[in-house]
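J.: Taking our numbering, the leading residue of the sequence shown gets 8, the next gets one more, and so forth.
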Amino acid sequence: LGYSCAAIDDFPAAVTALEKYLQLAPDASDRAEVEGDLEYMRLAATVPLGKALFVFTNYSNIDWSVDVGPHHLDLPPWDGGEYPMATVVLDPGTYAWQGHSPGGGFYITDGSGNKSFEFTVVAGEIYPASVR
């Protein structure tokens, strides 16, 4: 039920259904996956009307600085607990983002070595990005 609600963008109902599932099946084999999906759906339920959300998660043991258009995010390294996550509310439009370690020793790149990633924002959407 939770995933069906998420498919039609009813994230509050999706969160309620998946939380109930985890409560009823505390030893579910897919618990970690569902908990990760729940985190995303809780964020989706908070996207302001007419805006979008850029979400960056740090799965690495390195500090990261992330620039999204005029916005800046600093994320600490993962310490073995919850993965550090930061969000930016964006207006619709086209943006570029890039991530680097403080001081520029490491950069997030794609398979071609590009250090900057352009994307077009649509209201109501969530744009996830991460580093591992």
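Beta carbons are placed, not taken as given, at the ideal position from N, Cα and C, and that holds for glycine.
1) Would you report the Cα separation of Val146 and Tyr47, rounded to the nearest angstrom?
2) Suppose the cutoff is 7 Å on Cβ atoms and the five residues either side in sequence are ignored; what does the same chain contact list for Ser67 look like?
3) Using three-state DSSP, classify Phe124 as helix, strand or coil.
4) Within 10 angstroms of its Cβ, does Val75 collect 16 or more other Cβ (buried), or is it exposed?
5) Within 7 Å: the Cβ of Leu80 and any heavy atom of the ligand FMN?
6) Beta-carbon within less than 8 Å of Ala93's beta-carbon, same chain only, minus the 5 sequence neighbours each way: which residues are those?
7) Starting from Gly43, trace the beta strand (DSSP E) in both directions and tell me its first and last residue.
8) Where does Phe63 sit, in a helix, a strand or coil, going by DSSP?
9) If you run the structure through DSSP and keep just helix, strand and coil, what is Thr116?
10) May I ask which residues mark the beginning and end of the alpha helix (DSSP H) holding Tyr10?
11) Please report the distance separating the alpha-carbon of Pro33 from that of Thr23.
T.: According to the structure shown:
1) Lying before the first or after the last residue shown, residue 146 is absent from the chain, which here runs from 8 to 139.
2) The residues Pro84, Trp85, Val138, Arg139, in chain order, have a CB closer than 7 Å to that of Ser67 in the same chain once the five nearest residues on each side in sequence are set aside.
3) Strand.
4) Within 10 angstroms of the beta-carbon of Val75 lie 16 or more other beta-carbons, which makes it buried.
5) As far as ligands go, the structure on display features none, and thus does not contain the ligand FMN.
6) Excluding its 5 nearest sequence neighbours in each direction, Ala93 has C-beta neighbours in its own chain below 8 Å: Val62, Phe63, Val73, Leu80, Asp81, Leu82, listed in chain order.
7) Per DSSP, Gly43 belongs to no beta strand (DSSP E); it is in the alpha helix (DSSP H), 38 to 51.
8) DSSP places Phe63 in the strand class (E or B) of the three-state scheme.
9) DSSP, read as helix, strand or coil, puts Thr116 in coil.
10) Taken as a continuous stretch (DSSP letters only), the alpha helix (DSSP H) holding Tyr10 covers 9 to 14.
11) For Pro33 and Thr23, the distance between alpha carbons rounds to 15 Å.
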